[in-house]
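From first to last, the protein sequence lines are chains A and B.
If you use numbering that gives the first Met the number 0, the first sequence corresponds to residues 0 to 158, in order.
If you use numbering that gives the first Met the number 0, the second sequence corresponds to residues 0 to 158, in order.
Note that beta-carbon positions come from the ideal geometry of N, C-alpha and C, so glycine has one too.
Nothing here was measured: the structure is a model prediction, and the numbers come from that model.
Heads up: the structure comes next, in structure tokens.
Protein chains: 2
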Amino acid sequence: MSIKNAPEQAVNPLALENQVCFSLYSATNAMIRAYRPLLDELSLTYPQYLVMMVLWKEPGISVKTLGEKLHLDSGTLTPLLKRLEAKELVSRGRSELDERVRVLHVTEAGRELHQQALTVPEQMRCKVGGTLEDLAQLKQLCDQAFAMLNSGEATSCEM
Amino acid sequence: MSIKNAPEQAVNPLALENQVCFSLYSATNAMIRAYRPLLDELSLTYPQYLVMMVLWKEPGISVKTLGEKLHLDSGTLTPLLKRLEAKELVSRGRSELDERVRVLHVTEAGRELHQQALTVPEQMRCKVGGTLEDLAQLKQLCDQAFAMLNSGEATSCEM
DNA sequence: AGTTAATACATTGCGCGCAATTAATGTGTG
DNA sequence: CACACATTAATTGCGCGCAATGTATTAACT
């Protein structure tokens, strides 16, 4: 995706420096890299950390609901949850009302991790820098882009 | 990474809705998903598309330089380039001056892809929506975050 | 010249993301 | 009840990202 920042002359749309998406992509990779040393302390990957965040707040949730919150599917979550189960941080039970659904819970060890995790957000805030306004705006623009990309809608384009 | 958007009350830093990084992560995943149908036409993945963008502009480049531009290493690029070579879009020669360095070129078929690729940026712009100002700002904030995350610098934190 | 160090790339291994398919359970309808 | 259909997860396969390690080539130094 390109933006025109030199409207007076023809801009190559297929140039890296004009690609918003490449900036997004690179920033996300850098962000996940920056999380790694912090999350190594908890023996978690970034996606696993996201899952734990949900489970800390909403124990007993299903894989489906977890997937809706994280925008991930069972192809990603099932093996990830098995790894968390192998680390004994999460239990993967089954609902009694509906044998199809997994009921996810944090174990005692998983609950203890929450204490250690409390310092992570502030440490990351230091790493990314920027003002709170910058961060709020970045979040808002990402959420807006996400919403558009997920609803097949198209703006004033040719249709 | 969390932001405080309700300063009057205690905000859980480990809540998904307060995580800038989760928004970034989800937006990037959505963006790559949105590229997929467009790039399927060119039989390219998004990272392969990025590589082609660089090679269209700078034929004869090395793996190292390519990696610096895309912020990727040989562990990612070597197999990716082999796949592009298998599709006969790219050739992986060797420098005559230094037998270690790979000299990357686009094949004739690869050059032809450039024509097809020209419509991709505008199609993506339609999908993400938002004003040009929004997009420019999103790019700027991502670039800023990337720069901070890649230079071990820390802002006014405890150190 | 000979040893050491640095450089460029390749390889291995692991954990995602996700499309596509399958399996098991549940629901609804005649 | 029988059958079609939907729903929930699991499975398979592939392509990244990246850490860690290996290998071949070049550079540097004495």
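Taking the continuous alpha helix (DSSP H) assigned at Val19(A), which residues delimit it?
Counting along the chain, the alpha helix (DSSP H) containing Val19(A) begins and ends at 19-39.
Which word fits Ala33(A), buried or exposed, when buried means at least 16 other C-beta atoms lie within 10 angstroms of its C-beta?
Under this definition Ala33(A) is a buried residue.
Can the beta-carbon of Phe21(B) be found less than 8 Å from the beta-carbon of Ala29(A)?
No.
Is the CB of Phe145(A) under 8 Å away from at least one CB in chain B?
Chain B, which has a Cβ nearer than 8 Å to the Cβ of Phe145(A), makes this yes.
So is Leu79(B) buried or exposed if we call it buried at 16+ other beta carbons inside 10 Å?
Label assigned to Leu79(B): buried.
Please classify Leu112(B): does DSSP put it in a helix, a strand, or coil?
Here Leu112(B) sits in helix by DSSP.
Based on the DSSP output, what are the partners of His70(B) in its beta bridges?
Paired residue(s): none; His70(B) is not in a bridge.
In whole angstroms, what is the alpha-carbon distance linking Cys125(B) and Gln18(A)?
Distance between the alpha carbons of Cys125(B) and Gln18(A) is about 14 Å.
Could you name the residues of chain B that Arg70(A) contacts, counting a contact when the two beta carbons are closer than 8 Å?
The question names Arg, but residue 70(A) is His in the sequence shown. Chain B residues near His70(A): Ser25, Asn28, Ala29.
Less than 8 Å between the CB atoms is what I'm expecting for Leu41(A) and Gln115(A), so what's the real figure, rounded?
About 6 Å separates the two Cβ atoms, so the contact holds.
For Val89(A), does the three-state DSSP call read helix, strand or coil?
In the structure shown, Val89(A) sits in a strand (DSSP, three-state: E or B).
Nearest-angstrom Cα distance between Thr130(A) and Leu69(B)?
Cα-Cα distance, rounded: 27 Å.
Would Leu15(A) pass as a contact of Met52(B) if the rule is Cβ separation under 8 Å?
Yes, these two residues count as a Cβ contact at 8 Å.
Beta-carbon of Pro12(A) versus every beta-carbon of chain B: anything under 8 Å?
Output row for Pro12(A): interface = yes.
Spatial neighbours of Pro46(B) within its chain, please: CB distance less than 7 Å, with the 5 preceding and 5 following residues excluded, ordered by chain position.
Cβ neighbours of Pro46(B) beyond the five flanking positions: Leu79.
Specify, as a first and last residue, the run of the beta strand (DSSP E) that Val105(B) falls within.
Residues 101-105.
Starting from Gly66(B), find everything on chain A with Cβ-Cβ shorter than 7 Å and list it in chain order.
Those do not exist, as Gly66(B) stays about 12 Å from chain A at its closest Cβ, beyond 7 Å.
Please tell me whether Gln114(A) has its Cβ less than 8 Å away from any Cβ of chain B.
Judged by the 8 Å Cβ criterion, Gln114(A) is not in contact with chain B.
Spatial neighbours of Val102(B) within its chain, please: C-beta separation below 7 Å, excluding the five flanking residues on both sides.
Result list for Val102(B): Gly59, Ser61, Gly92, Arg93, Ser94, in chain order.
Taking Cβ positions only, does His104(B) come closer than 8 Å to chain A?
Chain A, which has no Cβ nearer than 8 Å to the Cβ of His104(B), makes this no.
For Lys185(A), count the other beta carbons within 10 Å of its own beta carbon; 16 or more makes it buried, fewer makes it exposed. Which is it?
In the structure as shown, chain A starts at 0 and stops at 158, and residue 185(A) therefore has no counterpart that could be examined.
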